[in-house]
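Visitor: In the numbering used here, the protein residues as written are 2 to 378. Even for Gly, the Cβ is constructed at its ideal location relative to N, Cα and C. Supplied in structure tokens, the structure appears directly below.
In structure tokens, the structure reads:
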């Protein structure tokens with residue numbers, strides 16, 4: 002059995018090396034390292050794939066979130082509601098823009114932001130909601146958009162973990178997540194379902210005016226060289242990273258299908274155990290692309306299981322060990338522990354197993370057997 006990786010980028014690269022290398026060589030041959038043809042090609046291809054009018058590439062996923070908020074002209078003190086159980090980048094950019102982050106709890110069954118908690122947190126100062134499609138599973142965008150429309154709020158989708166996931170609405174319409182709200186943001190960090198070989202990100206919107214503003218922001222506020230019309234930043238996807246993404250985008254659906262197949266095999270082996278709650282997804286693979294495969298371990302020693310797996314050479318991780326409301330940078334007297342019962346429970350229960358496109362049946366069997374071995378002791 003080959004060595005198990007949490008994310009096996011080397012094996013993935015080996016399968017597409019010729020395409021990736023050719024794409025990168027085109028950049029080297031033309032010396033167009035910033036805003037070159039590869040960037041524009043990727044932008045157009047991703048617009049087509051997502052079914053969205055505008056994709057604005059940028060330097061990384063955190064920038065994408067920040068620039069999306071800058072484009073909406075939110076003001077210092079405006080309140081922005083987001084989930085307590087997620088990576089810090091989501092709340093980080095809110096604070097950096099001197100907006101007021103409002104952290105709320107998540108739902109236990111899907112770990113995504115709780116609609117009821119959003120409702121309870123809305124005040125006259127609330128201007129936006131940032132749902133995070135956590136671990137690759139779509140948040141309930143029907144309900145979130147209805148609530149946002151009722152209160153005249155912006156919706157900024159944090160799609161860093163769910164590129165390619167579909168949201169199937171109550172009407173039966175299928176839409177790519179990240180394109181449903183007023184604006185969406187994603188990351189192309191190497192471990193993502195669609196990852197480059199460095200940092201990269203993008204912003205999505207169907208709003209022509211907002212897209213125009215954002216295109217200026219990413220490039221120092223310029224639409225014409227040396228004419229700075231808006232306050233901007235330097236956040237551009239470089240051409241070499243775009244070259245990698247051009248090679249991988251046509252394979253994204255295959256990558257996501259492989260992740261769902263692996264998740265189904267994990268579930269088949271683990272879901273019957275009394276101490277394990279496996280992630281759910283429908284048979285058609287909608288709403289989840291398994292950026293992470295995250296279990297909940299109940300009435301058992303989650304930390305002991307983690308050490309057991311590591312001792313057997315199986316990488317695993319806890320996403321996330323500390324809630325945002327308890328992080329030193331974001332502690333606030335407004336928050337009470339009783340406001341976050343689900344998040345506080347999840348940080349004690351979750352564990353993520355290896356998840357990538359190159360896992361084989363022998364590895365999956367060894368991983369699941371090792372999990373059961375510990376829990377059945």
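#1: In its own chain, which residues sit with a C-beta less than 8 Å from the C-beta of residue 92, not counting the 5 before and 5 after it?
#2: How long is the line joining the alpha carbons of residue 210 and residue 136, rounded to whole angstroms?
#3: For a minimum of 4 consecutive residues, which ranges assigned as the alpha helix (DSSP H) are wholly contained in the region 70-130?
#4: Classify residue 304 as helix, strand or coil using the three-state DSSP reduction.
#5: Please tell me whether residue 213 and residue 221 are closer than 9 Å, where the distance is taken between their beta carbons.
#6: Taking the beta carbon of residue 280 as the centre, do at least 16 other beta carbons fall within 10 Å, making it buried, or is it exposed?
#7: Reducing DSSP to helix, strand and coil, say where residue 360 ends up.
#8: From residue 243 to residue 97, what distance separates their C-alpha atoms?
#9: If distances are taken between C-alpha atoms only, which option among 37, 47, 15 and 41 comes closest to residue 195?
#10: Is the distance from the Cβ of residue 68 to the Cβ of residue 215 below 9 Å?
#11: Count the other CB atoms within 10 Å of the CB of residue 293; is the residue buried (16 or more) or exposed (fewer)?
#12: Give the DSSP-derived three-state secondary structure of residue 156 in the structure shown.
#13: Within its chain, find whatever has a CB closer than 8 Å to the CB of residue 51; leave out the 5 residues flanking it on each side and keep chain order.
#14: Looking at the structure shown, is residue 375 part of a helix, part of a strand, or coil, going by DSSP?
#15: Quick one, are the C-beta atoms of residue 288 and residue 166 less than 9 Å apart?
#16: Go through its chain and collect everything with a Cβ distance to residue 320's Cβ below 7 Å, but skip five positions before and after it.
#17: If you measure from the beta carbon of residue 288 to each beta carbon in chain D, is any gap under 9 Å?
#18: Does the distance from the C-beta atom of residue 80 to that of residue 126 stay below 9 Å?
#19: DSSP has residue 35 in a bridge; who is on the other side?
#20: Based on the DSSP output, what are the partners of residue 294 in its beta bridges?
#21: List the residues that DSSP assigns as beta-bridge partners of residue 309.
#22: Does the pairing of the region 355-363 with the region 114-129 give three or more beta-carbon distances under 8 Å?
#23: Taking the alpha carbon of residue 8 as the point to measure from, which residue in 341, 291 and 337 has its own alpha carbon closest?
Guide: Taking the definition as stated:
#1: Translated into positions along the chain shown, residue 92 becomes position 91. Hits under 8 Å: 83, 102, 104, 325 and 331.
#2: Stepping through the chain shown from its first residue, residue 210 is reached at position 209. Stepping through the chain shown from its first residue, residue 136 is reached at position 135. Distance between the alpha carbons of residue 210 and residue 136 is about 31 Å.
#3: 90-97 and 116-122
#4: Taking the first residue of the chain shown as position 1, residue 304 is located at position 303. Helix, per DSSP.
#5: Stepping through the chain shown from its first residue, residue 213 is reached at position 212. Stepping through the chain shown from its first residue, residue 221 is reached at position 220. Going by C-beta atoms, residue 213 is not nearer than 9 Å to residue 221.
#6: Position 279 of the chain shown, counted from the first residue, corresponds to residue 280. Buried is the call here.
#7: As a working mapping, residue 360 is identified with position 359 in the chain shown. Three-state DSSP puts residue 360 in coil, outside helix and strand.
#8: Your numbering for residue 243 matches position 242 in the chain shown. Your numbering for residue 97 matches position 96 in the chain shown. C-alpha separation (whole angstroms): 27 Å.
#9: Indexing the chain shown from 1 puts residue 195 at position 194. Taking only the C-alpha atoms, the option nearest residue 195 is 47.
#10: Numbered from 1 along the chain shown, position 67 holds the residue referred to as residue 68. Numbered from 1 along the chain shown, position 214 holds the residue referred to as residue 215. Their beta carbons are under 9 Å apart, which means residue 68 touches residue 215 by this criterion.
#11: If you number the chain shown from 1, residue 293 lands on position 292. Burial call: buried.
#12: Counting from 1 along the chain shown, the entry for residue 156 is found at position 155. If DSSP states are grouped into helix, strand and coil, residue 156 belongs with the strands.
#13: Against the chain shown, residue 51 aligns to sequence position 50. The answer, listed in chain order, is 177, 179, 180 and 205.
#14: In the chain shown, counting from the first residue as 1, residue 375 sits at position 374. Correct three-state label for residue 375: helix.
#15: As a working mapping, residue 288 is identified with position 287 in the chain shown. As a working mapping, residue 166 is identified with position 165 in the chain shown. Yes; because the gap between Cβ atoms is below 9 Å, this pair is in contact.
#16: As a working mapping, residue 320 is identified with position 319 in the chain shown. Answer for residue 320: 293, 295, 351 and 353, listed in chain order.
#17: Checking the listed chains, one finds no chain D in this structure; it contains a single protein chain.
#18: Position 79 of the chain shown, counted from the first residue, corresponds to residue 80. Position 125 of the chain shown, counted from the first residue, corresponds to residue 126. Their beta carbons are under 9 Å apart, which means residue 80 touches residue 126 by this criterion.
#19: Numbered from 1 along the chain shown, position 34 holds the residue referred to as residue 35. Answer is 239, bridged to residue 35.
#20: Your numbering for residue 294 matches position 293 in the chain shown. Residue 294 pairs with 354.
#21: Mapped onto the chain shown, residue 309 falls at position 308. Beta-bridge pairing links residue 309 to no other residue.
#22: no
#23: Stepping through the chain shown from its first residue, residue 8 is reached at position 7. Among 341, 291 and 337, the Cα nearest to that of residue 8 belongs to 291.
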